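Residue numbers for the sequence shown, in my numbering: 806 to 1239. Where a beta carbon is used, it is the ideal one built from N, C-alpha and C, also for glycine. Please read these numbers as outputs of a predicted model, since none were measured by experiment. Working notes, beginning with the structure itself.
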Amino acid sequence: MIKHQLVDVFTPTSTAKVTFVDRLKEDVNIRLVRALELPGNQVVIYGHSGSGKSTLLENVLYRTYEKQVNTNCMKGMTFEEVILDAFDQLQEFYVSEVTNDKKTKVDIKAKADYLAIQAQIGAVYENVDGQKQVRMLPPQLTPQNLGRLLGQSGYCWVLEDFHKIEGEEKDKLAQMMKVFVNLSLKHKDLKIVALGAVNTARQVVKSDKEMRKRVSEIHVDLMEPEEIKEIINKGCKALNIKIDDVLQNDIVRHSNGLASICHKICYLMCSSAFITETLDNTLEFNIEDLHKALSEYVKDEEDTLRNAFDSALKVEKVEPTLRVLVAQEPNGAHIEDLYQYAKDNNIKVSKKKLKEDLESLVKEEFGELVKLEDNSQKYSFIDPFYRSFAMAYFEEKDNRVKRNRPNDKELIELLNKAMRIVKVSYSFEELNME
Ligand SMILES: Nc1ncnc2c1ncn2[C@@H]1O[C@H](COP(=O)(O)OP(=O)(O)OP(=O)(O)O)[C@@H](O)[C@H]1O
Ligand SMILES: [Mg+2]
C-alpha cells in the first residue's frame, strides 16, 4: 500500500491531486482541454470561490503546457506589478535557459530583448515618500513585448483571481487581453488563462466581436453530491479509513456543493483521531467523530461568519431580502424569481428594495455576503456555508419571535446564539425547538 500523508490527501486550502475527481457536468474537463489546445484561443474559467477552478486547471494544464507562469492577483495590485510579475518569472526560460519539450532552443533575438528590458528594470526605480523604492515599468516592457516574450517561451500565463484587480488597473488588464488575442495570431502558443474573472472578462469579450470568437468561457459548477462522495471515497482509500454512507451523506449536506468544506471536515476528522498518514489497519469513523470535526470547523470559521453577518445587518431592514435568498438553491436565483418567491410566500419586500439590498450585500462594507453572477444574472450567497448559517439564524429567530419581538440589541444576541447552536449541533434541522 502506498503511504500518503494526510495533508496531501485532504487539502482544504490547496489544489487536490490524490483525491482529484473528474467533474461530471457538461464535460467541463474535455471543454477545458480543447480550449487550451486550440492555438490562439484565450481561456476564462469562472465560478464560485471554492468550486474547483484552480484544481481543475492544474489537473489538465500539464496535458497541453509543460510550463506556465502563475500570477496571483491581489487587491490593490497595479497593472505594472502584474506585468512585472510575469516578466520576472520568464527569467527561468531566458536567463537560466530551462527549456521545455516544445521549445528546445531559446530564440537569440528574444533573449537579447529580455536581457535589455531586465537591465532597464534594474535601472528604473522611483522613490515614494523619499523612502520606499518602487520598481517601474520600463517603456520597452509593453503588453505587446511581454506577449511576444511569453509566446516565444511557449509558457502559458495563468492569472489567478483576475477580478481582484480594481478600477483603472482592471481596464488596463482588459486592454492587455485584447492585445494578446491579436498577438496570438502570430504566436500560437500565447495563451492567458484567467481564473475567477467573471465580470472583467465578459466586459472584454462583449466589447469586441473578434474577442468573442477567440475566448472560451468555462463555468465550473458547485459540486454534485456524487462528486463530493467520490472525494471522500478516494480519501478513504488513500488513508485506509472508512466513512460509511450515512456519514458521507451528512458530510455532503454540510459541504453544500463546496469541495473545500468536505476536505476540511474529513481532514479534521482524521486529525482529531491522530491520523497523519495511511494507516496499517483500517479505522472506521462514527457519528461522534463527525460531530467533533464539525464543531472544530465552525470554531475555525466563527470570526469570518460573525463579521460578515454583523456587516450585513447594517443594511436597513435587510431581513426580508435575506430570507428570500436563503430559500433558494445554493446556486442562487434571478431577481424576477426572487421577487416571485417573496410574493408567493407573503414576504413583504418590493422588487426595488430587493434589488437595492442585494446590490448593497455584494459590497465589502456590508459583509460581501452575496454575489451576482454576471452570465446568469443570478444572486446567491458568496459561500454556500453562509447560506447554511443564515438558515440557522432565521430558524432560531423565528422561534424567539413567537415569544416576543426582538430589538436591535437582541438581534445581535440572537446572531450569537445562532452561532452557538450552529457550533453545537451545526444542523438547523436538528434545532431544539424549545
Ligand atoms: N475536482 C476536485 N477533486 C477533489 N477536490 C477538489 C476538486 N476541485 C476542488 N477540490 C478541492 O476544493 C477546494 C477548492 O478548490 P480550488 O482551490 O481549486 O477552487 P477555486 O475555484 O480555485 O477557488 P478560489 O476561487 O477560492 O480560488 C480545495 O480544497 C480543493 O482541494
Ligand atoms: Mg483558485
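Residue i: which of the options sits nearest, CA to CA?
i     : options                       : result
H1139 : A1113, F1194, Y1184 and E1169 : Y1184
R868  : E897, S1155, A1113 and L837   : L837
R1049 : D813, A1043 and N1038         : Note that residue 1049 is Asp in the sequence shown, not Arg. Answer by Cα proximity: N1038.
K1157 : E1169, N1151 and Y1144        : Y1144
V826  : L861, E973, R1058 and K880    : L861
V833  : A821, V848 and T820           : V848
Q980  : G952, Q957 and C961           : G952
C961  : I997, I970 and L843           : I997
I1036 : A1147, K1069 and F892         : K1069
E1173 : Q949, N1112, F1194 and I1152  : N1112
C1041 : M1016, E1089 and S1065        : E1089
D994  : L811, Y870 and V1154          : Y870
N1061 : N1136, M806 and E902          : N1136
K1119 : S1165, M1074 and E1134        : S1165
T816  : K1018, Y1072 and K1153        : Y1072
Does the distance from the C-beta atom of residue i to that of residue j stay below 8 Å?
i     : j     : result
L1052 : L955  : no
S854  : I1080 : no
V1025 : S856  : yes
A1043 : V814  : yes
L889  : L964  : no
A915  : Q957  : yes
T1109 : I1046 : no
A1197 : I1023 : no
L978  : F884  : yes
D1162 : V1103 : no
F1171 : S1116 : yes
L946  : F892  : yes
D966  : C878  : yes
Who pairs with residue i in a beta bridge, going by DSSP?
i     : result
V874  : W962
E1082 : Q810
S1021 : V848
I997  : W962
L1088 : I1046
L1184 : Checking the displayed sequence, the identity of residue 1184 turns out to be Tyr instead of Leu. According to DSSP, which records beta bridges pairwise, Y1184 is partnered with A1138 and L1177.
Using a Cβ-based criterion (distance less than 7 Å to any ligand heavy atom), does residue i qualify as near ligand 1?
i     : result
G852  : yes
T820  : yes
P1135 : no
A778  : The question about residue 778 has no answer, for the chain in this structure spans 806 to 1239.
F825  : yes
T816  : yes
I1037 : no
G855  : yes
R836  : no
V1129 : no
R828  : yes
H1059 : no
H1068 : yes
V1025 : yes
Using a threshold of 7 Å, is the CB atom of residue i nearer than that to any non-hydrogen atom of ligand 2?
i     : result
L1000 : yes
K858  : yes
E863  : no
E973  : no
E965  : yes
Item checked: Complete runs of the alpha helix (DSSP H) confined to the region 879-925 [at least 4 residues] -> 884-894 and 896-899
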